[in-house]
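Novice:
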Amino acid sequence: MKSPTQFLFQQKHILLKLLIFIFCICSINRNNICCNQHFATPSSFSPSLKQLKLEGYLSFEELNYAAKDFGNRCHFFPLAILYPKSVLDISSTIKHVFEIGAITDLTVAARGHGHSLEGQAQAYQGLVINMESLQEPAMKFNIEELSYVDVSAGELWINILHESLKLGLAPKSWTDYLHLTVGGTLSNAGISGQAFKHGPQINNVYQLEVVTGKGEVITCSEEQNADLFHGVLGGLGQFGIITRARIALETAPKQVKWIRVLYSDFATFSNDQEDLISSQDTFDYIEGFVIINNPGLLNNWRSTFHPKDPLLASNFSSAGRVLFCLEVAKYFNPEDTDSTDKNIDILLSKLNYIQSTVFLSEVSYVEFLDRVHVSEMKLQEKGLWDVPHPWLNLLIPKSRILEFAQEVFGKILTDTSNGPILIYPVNKSKWRKGTSMVTPDEDFFYLIAFLSSATPSSTGKDGLEHIVDQNKRILSFCEKRRNGMKQYLPNHKTQEEWKHHFGPQWELFARRKSMYDPLAILAPGQRIFRRAAACEQQ
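Numbering (mature numbering (1 follows the signal peptide of the UniProt record, and there is no 0)) for the sequence shown: -30 to -1, 1 to 508.
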């Protein structure tokens, strides 16, 4: 018979084993933790991190900043935030995490301007690197035959625009919103209305500096370390953290003729869009959006369009119908106004829009490119910017776009929308081959972006739950019809879903991961590869 002391010791031993088992299970499932976990626990590795010699610093307090993003739905608290002042700070930190990898499951996430939607730039109980803190060395311009600018990956595109315009230059390809970091958009693709002409932003970069998951600092390009270069572009942060980029530049225009026309028939609308992006002489920017009884500020936030005609295209009442707006722009300099106007008239004459709906505005190049930020400020004032954003971004093959429109705009979204719905085609021939970016198999495909917002007091058809359910219905339709859809800014929960997303590219993607980030330290918020837990490695 066991003594009370022996019995108590046995119970404590069993309890200790149980706690270790629970810790291991929690570590294994760390990447599947439900959104809105607002707690953080101390880590035994804090002392070793504090001993790192850095030009910048590590903060173990005030972690709220790194536990949220633009999506405002997932909140994973990190262990610490790194504010680097040099690339060496990032390299040393990652190298340290890699070296202690056998005894910890610490992960690292690079956070730019925090515009991710589902916690992709967060690292639960890991390290978040504030890339905007990395501003050195300063921008360096080359204005010879091949014009480019070398910039920190933590630099905002809006700052590059302002600095390059001083030299009469500007990057070729943009996103609709410029208050994003270079590293952030290059890790995805960077798509906007110029992509049909110049390709996405990942097409317009000559060289990168990357810190791999081993802490190595590698310069790469098409000619040097090309495998890493292609992998990192559109690579969702899986193979390395971009710390510097060489961005292609072109001569910048001064003014923009900004035009909108309306359609009541989707097939006519899409045919005109496709003709425009396939023509040699065409507009410089081509997008479009859907109007479903949406005159409110939340549904038009991405535009500060102010045509001379008092009837705004963005506020045009659809009177119960679904309308489609073609949005185009022509860049020019004041001395070329007459010829530009004639060219616009010729281009418009070939289109089949509703003739009474031509809305034209003339703005500066900067005003046009930075139009979303103006609307952001208005929403900030009304408390409507920092709300949940359950966005859904899809790439649909051209051959299936009519079927998609009939189902989604005719049945799933019928009487309202909770934000702008963008829709426009791009040409894959303009896209760089070999990157990690996944697109549909066809040469032409459409970007469709459901940019929804859910205000705190919203319920019913304006509520978060309804919007999320609506997104699921759209995805379910695509899956059932097997229409070749791919998600842009993808959000998948399991590796099987990611394998399906990458398709034939998965094997290459996985090989690159094992080569450049073998411990799966980087970008845990993407939920693609699981970091091996400490209890699994021992």
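Virtual Cβ for every residue (Gly too), placed ideally from N, Cα, C.
Predicted, not measured: the structure shown is a model, and the values here were computed from it.
Have a look at L459, L219, G138 and flag the residue whose alpha-carbon is nearest the alpha-carbon of M407.
Specialist: L459
Novice: Looking at C-alpha atoms only, which residue of D242, G201, L178 is the closest neighbour of I212?
Specialist: Shortest Cα-Cα distance from I212 to any of D242, G201, L178 involves L178.
Novice: Could you check where the beta strand (DSSP E) with E297 kicks off and where it finishes?
Specialist: Annotation: the continuous beta strand (DSSP E) that includes E297 extends over 293 to 302.
Novice: Is the CB-CB distance between T405 and K456 below 8 Å?
Specialist: Cβ atoms of T405 and K456: not closer than 8 Å.
Novice: Rounded to whole angstroms, what's the CA-CA distance from Y255 to A165? Just pull it up for me.
Specialist: Straight-line measurement puts the Cα of A165 at about 8 Å from the Cα of Y255.
Novice: Is I498 helix, strand or coil when you go by DSSP?
Specialist: coil
Novice: Counting C-beta neighbours from all protein chains within 10 Å, is the total for G495 16 or more, i.e. buried, or is it exposed?
Specialist: With 16 or more other Cβ atoms within 10 Å, it is buried.
Novice: Would you mind reading off the limits of the alpha helix (DSSP H) that contains E435?
Specialist: 434 to 451
Novice: What are the residues that DSSP puts in a beta bridge with F415?
Specialist: P367, V396
Novice: What is the residue span of the alpha helix (DSSP H) that R482 lies within?
Specialist: 476 to 486
Novice: To the nearest whole angstrom, what separates the beta carbons of I60 and V181, a pair I think is in contact under 8 Å?
Specialist: 5 Å
Novice: Helix, strand or coil, according to DSSP, for E332 in the structure here?
Specialist: E332 carries a strand assignment under DSSP once its states are collapsed to helix, strand and coil.
Novice: For G124, which three-state DSSP category applies?
Specialist: coil
Novice: Going by DSSP in three states, F420 sits in which element: helix, strand or coil?
Specialist: strand
Novice: Measure the C-alpha to C-alpha separation of D306 and S331 and round it to an integer number of angstroms.
Specialist: 16 Å
Novice: Flag this pair as yes or no: are the beta carbons of L445 and A419 separated by less than 8 Å?
Specialist: With respect to the 8 Å criterion, L445 and A419 are not classified as neighbours on the basis of their beta carbons.
Novice: Please list the segments of the beta strand (DSSP E) lying wholly inside the stretch 109 to 191, counting only runs of 3 or more residues, in order along the chain.
Specialist: Taking only runs of at least 3 residues, the beta strand (DSSP E) segments lying wholly in the stretch 109 to 191 are 110 to 112, 118 to 122, 139 to 141, 175 to 182, 187 to 191.
Novice: Verify the CB distance criterion: does F472 have a CB-CB separation below 8 Å to chain C?
Specialist: Among the chains in the structure shown there is no chain C, since it carries only a single protein chain.
Novice: Going by the CB atoms, is the gap between H200 and G154 shorter than 8 Å?
Specialist: no
Novice: At what residues does the beta strand (DSSP E) containing I212 begin and finish?
Specialist: 210 to 221
Novice: Relative to the C-alpha of E25, which candidate in P54, L489, G185, D487 has its C-alpha closest?
Specialist: P54
Novice: Using three-state DSSP, classify F46 as helix, strand or coil.
Specialist: coil
Novice: Can you round the beta-carbon distance between R81 and M101 to whole angstroms, since I take them to be within the 8 Å contact cut?
Specialist: 6 Å
Novice: In angstroms, rounded to a whole number, what distance separates the CA positions of E477 and L156?
Specialist: Those two C-alpha atoms are separated by around 22 Å.
Novice: If you measure between the beta carbons of R341 and E297, is that distance less than 8 Å?
Specialist: no
Novice: With C-beta atoms as the reference, is L87 less than 8 Å away from D39?
Specialist: yes
Novice: Mind checking which residues open and close the beta strand (DSSP E) that includes I229?
Specialist: From DSSP, the beta strand (DSSP E) with I229 extends over 225 to 233.
Novice: So, helix, strand or coil for Q194, using DSSP?
Specialist: Annotated three-state conformation of Q194 is coil, per DSSP.
Novice: Taking 8 Å as the cut-off, decide whether the C-beta atoms of L417 and L365 are in contact.
Specialist: yes
Novice: If the criterion is Cβ atoms closer than 8 Å, does the pair residue 543 and H359 meet it?
Specialist: In the structure as shown, the chain begins at -30 and stops at 508. Residue 543 is therefore absent and cannot be evaluated.
Novice: Are S162 and S134 touching if we call contact CB-CB under 8 Å?
Specialist: no
Novice: Taking the alpha-carbon positions, what's the H66 to V152 distance?
Specialist: 26 Å
Novice: Using DSSP with H/G/I as helix, E/B as strand and the rest coil, what is F253?
Specialist: coil
Novice: Let me make sure I understand the geometry here. Which of L137, L372, Y301, K312 has the alpha-carbon closest to that of F338?
Specialist: The candidate whose alpha carbon is nearest that of F338 is Y301.
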